[in-house]
Every structure is written in C-alpha cells, then in structure tokens.
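Okay, structure first, notes after.
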DNA sequence: CTGTTAGCGCATTCAG
DNA sequence: CTGAATGCGCTAACAG
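Residue numbers (this note's numbering), protein chains in the order written: chain F, 2 to 347; chain S, 2 to 347.
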C-alpha cells in the first residue's frame, strides 16, 4: 500500500546508493544543510553538523560527483593520453602526472592512443564527453578534427614529449630535432660513418631520424638504410630489425634505434651473430637511462626523464586551473632537455 | 516564434560548450529529438536527423556525459586501481584492461595505491564519488572501511592478482601460497638448503614468502634471513638487499626475491662481488617472464601473465554489466595460474 | 515518429 | 545560520 512516489524510502537499500536527500531526511534537516555540513562545515551549527555526520555514517553515504556539473563548473577530472602504458618511458610520465594530480584532488582519466593520431581522435572524442578540466597529450601530432575539437572545447591542454612550432596550448617536452642533431654530432665525432636506423613507425621517431639524416648529410653521408617497424616495441622486434638490415646488404658501423628496447634487441642479435660491439658495430638507443641500464649495462642512449615530463605537465595544468587568467601559463613552453649518454656499446 | 528561449543565444560562444538545447534551437526541433537523433538515429525521420547533424556540426557540439546520471543509470566509467604503473607487471595488466574496456565503450579511471591499503582507501573514496559502473582492484587486502563502502556501493568489483577465501565479488588471480610452495619444492628438489629472501614491504610478497618458509620448514629448514624493503622496487634496492643480507652474516645458497627487478639487483650485486651464480648463489624472481628475460637472460622467475589478468578482469566486469543477473559471473573465480621457470641463475 | 512533462543529485541564488 | 525555490544537461515516460 505504500505510495509509489519518488520517495525511495529513507535508508539506501541494497542496490541503490543513498543520496544527499536520504541523509537529510534521516538527519531531520534540509538537503542544503547536509550539503553545507559536508562542504563548508564551518558555517553550520555544530549540533546540526553532528546530526548530519551521524546520518552520513549510518547510511554510508558517498556524495556523487556525477551530476555536479549541474551546479559547479569543474569536473575535477583530468585526462591523460599516452601511446601505451607498456613502455616504461610513458608509464613513468603517467605515474608522475597521476601522483601530482591526485595530490591536488583531481581524478585521472586515462586514454591509450597506440601511437596513432586516428586512435587518439577516437579516444579524445570519448573523453571530451566527460568534460575534463584539463588534458595532457603525448606528442603534437593530432588529426585536424582533434585540433578543432580541442581548441573549441576551451579546455586547458598540455602537449608533452615534443616541441612544436605552434602548440595547441601549453607544452612540456624537448626537441626531437635537437636530439637527432646531437646524436649525429656525437657519433660523427667518435668516427662513425656508416649509419643505419631501426625504428618504430612513429612520428617522433621519424623526426629524430630525419634530423639525424640531415645532419650527417651535411658531412657527406647520404645513404642511411632504415628499417621501420610496427609497434609495440619489443626486444624480438629489435633483433628482427638488425636481421632485416643485414639481409638487405647494409653494413653499418652504427645502428641508431628509436627506443632502448629495440636497441637491446639489436645488441642481442649482434651478440648472437658474433658481431663485436662496439668494435664492429655501435648501438644507440632512446629512453630512460635507468631503464636502459637494466636492459643492458653497456647500452648507449639518449636519456629522457619521463617522470619529470609528467610532473611538469601536471603542474602546469594545475597552475592554469588555479588561475585561468594567469599569464605565466598562457604560453607556457618547458624544455626538459635530454642527455646523450655514450657507454660501452658505442 | 513560439519557442520560449531559455536564455543563452543560439551558438555556443567561446568559453561555453554548446548544449543539447543549443543544438535543438539551431536545428529547430525539440531537445529530445536531438537526443534521439544522436543516440537512436533509426527512430528519427531522416530529414530531421540531417537537420540535427548539421546543427551539431555547425556548433561543434559534444554531448556531456557528466550529468547523465540524472537520466540514465550508467556512467560508462570503470575504475582500475593498481599499486603503481611503473612496474611492468601492473602496467601490462592495466594496458590489457584498458584495451578491453575501451573497445566496449567504457572510459577508464585510474587510481594508484602505492601498495598501501590506506592509500587505496583514500583513492577509493575519491573514485566512488564518480559512481563507476565497475571497479578492478589489485589484491584482496583492503581496509575495513574500504570493504564496507565497496559492498554497500553495489558496484561490480573484480579483485585481481590474488586469491582470497572470501572475495568481495569477482576474482581473477592466482594463489600466492601455491607459488610459495611451488618455489620451495623446486628449489629443494634442486638441492638448495640455505634460503634467504629479499622482498618488498607488500602483503602479497609476504604471503608468498610465508608460504615458502612454511614449506621448507617442513623439511627442517627453519632459519630464513629476510630483508624487507620499501617500495618502489628498483635494481639498486635489490643490490642493497643482498648487501644487507650478507652484512648480517647470512650465507644463503639461494635468494628468493619478491620481484624480477629486485632479483636483477641481487644478480648485479653478486656479479660485483664475484659471487658465482648459480654455483655459489642462486637467484629467484617474480614477474613477467619476457620482462625478466630483458633484465637478465639467466634470471629464474615465477612467470605471471599480467596482461591476461587485466583482460580477464575486464571481461568479467563487462559480462556482469551486460547482464547483472547472469549467474555465471555471480561467484566468478578465475585462476590464471603461474609457471616456475628455472634458468641459468639457479 | 515527435513533443511535453518530469525528474535525476546536487549547489547556488535569495529569502527568512 | 537555515531553508525554499530554481536550474544544470540530459533522457525516460507518456502523450499527441
């Protein structure tokens, strides 16, 4: 005989979460008082506050942020897009970003782009529906549609892992061109002349390689055999890379790889073939040095601090969110730099 | 001109995202028609549908899922909690889970617990406010408050990486006790007698070790020197672990480590000290075999397929979400198993 | 097929 | 300090 009204009873029964209204009726106050007791306790009389807290306890009430948009303007949600989380270099970026964001009271929505701008567009599409307060992207290569949607959205954005002539918003990264140049210079100085590349089919990797090719081109080296491989990067893939290179008749004295994992594969394959490293063949990687060191004690590499990128990116976002008019974040460009670290393999 | 305009002009101006209502007024239809044109296009007359699509294009409208709770029941959000994303074993679990969830049209909210139940409780608290449709947890050790909140929430849950007498809901994992036993049995069979452990301060690691100690205890071995270290696991930490062990006067013939990374550190330290592996000292790790192989070609290890855990967990969640009454997921228990892989280091 | 009405859970006006 | 009324963006339920 109970009326079939919207009243779902006082206590949140199994299955249904109690709402702020449920708490209010149990506490015998109005909904708004509950809201205030929870969000701005200091303006609520202690006795009422206590009543509310007891009701919250009793019901196991957990406020819902889902409908918050109805009133407040922020979702306290930040989206982070990375190509993959299986690559330590990105997982460190992600980890650092999450740490900073969580500390500041934001939740993190994660999206995997698998190194593809098209995939990024799909993921972005889903993510924009959540109205995140900020977005951290990997790279600066996005589809035209993505760029339009992002800029129309008015959401603060940080692009990472790259430099760009004209970023969408903020930028925390480094110059892949500079890396290509620096690697070329170092290797040339060491006397290497027969370059080859084993790389992933990835825009950033390509940028580094093109830059390297340009640089050594100016020293008269024009032929650079290059094997391009599909993600994900694995050691086996690196081995296959060197194999392909040699099968094609290349005889490099140095192989530059787009990641430490590939480089490690090349080192293994070289060892298998009895190729003396670095005497007959030098190997160069790219990634996080500590990771490289784990892979192979002698691996030479371009060292990038992924964690710092994630941290800086998150901090930039937070600064903007704190004060959207802050001019210091308006055209933020952070170059976190890199180091070319030569070890036993070169 | 009979429409009663709801305030803001037609086009969403810079800064404000256009709403479904804006689209409706531009298209000259009612809001619900826009909603239907977008969600169930087949029940809308083609001409109207077209009008709506054009208006959507023109305004760059992106539907908001933030307030969806107001009408629909699902958030299409799944939360995944892992201790860290910097450990390849968990990042693979995460990667696989995200892949499955994204494919099914769910977004992933990520939480980092840093191996701590207290931290997990905090993160969980924030996440429950988002009313996710499902939650994937790592481990079965949660604070009492966490357990209560989770079970009251009525949200489908998958606990992973572990077995438990009485899981909260669904479970995809393996038995750490079985691993401890299996490792003990294998090492005893190989003739090792002086056991030692280098482990992270982590409940699951402790379970494995306790089980191992129990097993070898039954063979009369009662003394097992053990170094417990704070996360995160690093190679350097593993080296320090062996150092500490030896400084304390232990002289093990086998060191069992709670992760491959620590084991790798132990191997390095042993090499540095000129200790013959595996003649004078054997080393045992735990993690993903392919990862272990990258770390050290000879590393023995308990091989766990992290990706499979993530995949299975996500699939279980989806099955439940598809049909909440499906009995097959009601008491789902999946044991993904493990392999003890002995290689050169034992 | 389409529009009207109502309401989700919460917080922000503005009155008391 | 407290509360009633109102609105957020969206969609079920029920009309037409």
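C-beta: ideal position from N, C-alpha, C; glycine also.
Short CB-CB distance (under 9 Å) between residue i and chain F
{"i": "residue 243 (chain S)", "result": "no"}
{"i": "residue 316 (chain S)", "result": "no"}
{"i": "residue 249 (chain S)", "result": "no"}
{"i": "residue 321 (chain S)", "result": "no"}
{"i": "residue 212 (chain S)", "result": "no"}
{"i": "residue 309 (chain S)", "result": "no"}
Secondary structure of residue i, DSSP reduced to three states
{"i": "residue 304 (chain F)", "result": "strand"}
{"i": "residue 28 (chain S)", "result": "helix"}
{"i": "residue 228 (chain F)", "result": "strand"}
{"i": "residue 350 (chain F)", "result": "Absent from the structure is residue 350 (chain F), since the part of chain F shown begins at 2 and ends at 347."}
{"i": "residue 282 (chain F)", "result": "coil"}
{"i": "residue 91 (chain S)", "result": "helix"}
{"i": "residue 105 (chain S)", "result": "coil"}
{"i": "residue 80 (chain F)", "result": "strand"}
{"i": "residue 287 (chain S)", "result": "strand"}
{"i": "residue 54 (chain F)", "result": "helix"}
{"i": "residue 251 (chain F)", "result": "coil"}
{"i": "residue 219 (chain S)", "result": "coil"}
{"i": "residue 214 (chain F)", "result": "helix"}
{"i": "residue 34 (chain S)", "result": "helix"}
{"i": "residue 142 (chain F)", "result": "coil"}
{"i": "residue 236 (chain S)", "result": "helix"}
Residue i vs residue j beta-carbon contact at 9 Å
{"i": "residue 137 (chain F)", "j": "residue 338 (chain F)", "result": "no"}
{"i": "residue 255 (chain F)", "j": "residue 188 (chain F)", "result": "yes"}
{"i": "residue 242 (chain F)", "j": "residue 263 (chain F)", "result": "yes"}
{"i": "residue 65 (chain S)", "j": "residue 18 (chain S)", "result": "yes"}
{"i": "residue 321 (chain F)", "j": "residue 157 (chain F)", "result": "yes"}
{"i": "residue 331 (chain S)", "j": "residue 159 (chain S)", "result": "no"}
{"i": "residue 260 (chain S)", "j": "residue 234 (chain S)", "result": "yes"}
{"i": "residue 226 (chain F)", "j": "residue 202 (chain F)", "result": "no"}
{"i": "residue 150 (chain S)", "j": "residue 125 (chain S)", "result": "yes"}
{"i": "residue 302 (chain S)", "j": "residue 87 (chain F)", "result": "no"}
{"i": "residue 120 (chain S)", "j": "residue 162 (chain S)", "result": "no"}
{"i": "residue 318 (chain F)", "j": "residue 274 (chain F)", "result": "no"}
{"i": "residue 118 (chain F)", "j": "residue 147 (chain F)", "result": "yes"}
{"i": "residue 181 (chain F)", "j": "residue 214 (chain F)", "result": "yes"}
{"i": "residue 341 (chain F)", "j": "residue 294 (chain S)", "result": "no"}
is_contact[residue i, chain S] using C-beta, thresh 9 Å
{"i": "residue 126 (chain F)", "result": "yes"}
{"i": "residue 342 (chain F)", "result": "no"}
{"i": "residue 155 (chain F)", "result": "yes"}
{"i": "residue 27 (chain F)", "result": "no"}
{"i": "residue 132 (chain F)", "result": "yes"}
{"i": "residue 161 (chain F)", "result": "no"}
{"i": "residue 96 (chain F)", "result": "yes"}
{"i": "residue 170 (chain F)", "result": "no"}
{"i": "residue 66 (chain F)", "result": "yes"}
{"i": "residue 100 (chain F)", "result": "yes"}
{"i": "residue 144 (chain F)", "result": "no"}
{"i": "residue 89 (chain F)", "result": "yes"}
{"i": "residue 37 (chain F)", "result": "no"}
{"i": "residue 139 (chain F)", "result": "no"}
{"i": "residue 63 (chain F)", "result": "yes"}
{"i": "residue 17 (chain F)", "result": "yes"}
{"i": "residue 294 (chain F)", "result": "yes"}
{"i": "residue 86 (chain F)", "result": "yes"}
{"i": "residue 13 (chain F)", "result": "Residue placement at residue 13 (chain F) is flagged as unreliable, the pLDDT there being 31, under the threshold of 50; the coordinate-derived value follows with that caveat. Closer than 9 Å: yes."}
{"i": "residue 286 (chain F)", "result": "no"}
Supposed contact pair residue j and residue i - C-beta distance, whole angstroms, cut 8 Å
{"i": "residue 265 (chain S)", "j": "residue 296 (chain S)", "result": "4 Å"}
{"i": "residue 345 (chain S)", "j": "residue 253 (chain S)", "result": "Rounded, the Cβ-Cβ distance is 18 Å, inconsistent with contact."}
{"i": "residue 27 (chain F)", "j": "residue 67 (chain F)", "result": "No, residue 27 (chain F) and residue 67 (chain F) are not in contact; Cβ-Cβ is about 22 Å, not under 8 Å."}
{"i": "residue 335 (chain F)", "j": "residue 101 (chain F)", "result": "That pair is no contact at about 14 Å."}
{"i": "residue 191 (chain F)", "j": "residue 347 (chain F)", "result": "6 Å"}
{"i": "residue 104 (chain F)", "j": "residue 110 (chain S)", "result": "Actually they are not in contact, since the Cβ atoms of residue 104 (chain F) and residue 110 (chain S) sit about 17 Å apart, beyond 8 Å."}
{"i": "residue 258 (chain S)", "j": "residue 199 (chain S)", "result": "5 Å"}
{"i": "residue 141 (chain S)", "j": "residue 91 (chain S)", "result": "Not quite, the Cβ-Cβ distance comes to about 15 Å (not below 8 Å), so this is no contact."}
{"i": "residue 277 (chain F)", "j": "residue 289 (chain F)", "result": "The pair is not a contact, with the Cβ atoms about 27 Å apart (cut-off 8 Å)."}
Residue i beta carbon near the ligand MG (any heavy atom closer than 8 Å)
{"i": "residue 180 (chain S)", "result": "This structure does not include the ligand MG; it has no bound ligands of any sort."}
Given 8 Å, three or more beta-carbon pairs between the segment 92–103 of chain F and the segment 305–321 of chain F:
Between the segment 92–103 of chain F and the segment 305–321 of chain F there are three or more inter-stretch CB-CB distances shorter than 8 Å, so the stretches are counted as touching.
Do the segment 46–60 of chain S and the segment 28–38 of chain S touch if we need at least three Cβ pairs shorter than 8 Å?
As far as the Cβ criterion goes, the segment 46–60 of chain S touches the segment 28–38 of chain S, which means the pair count is three or higher.
Between the segment 113–132 of chain S and the segment 78–87 of chain S, do three or more beta carbon pairs fall short of 8 Å?
Between the segment 113–132 of chain S and the segment 78–87 of chain S, the count of Cβ pairs shorter than 8 Å is three or higher; the stretches touch.
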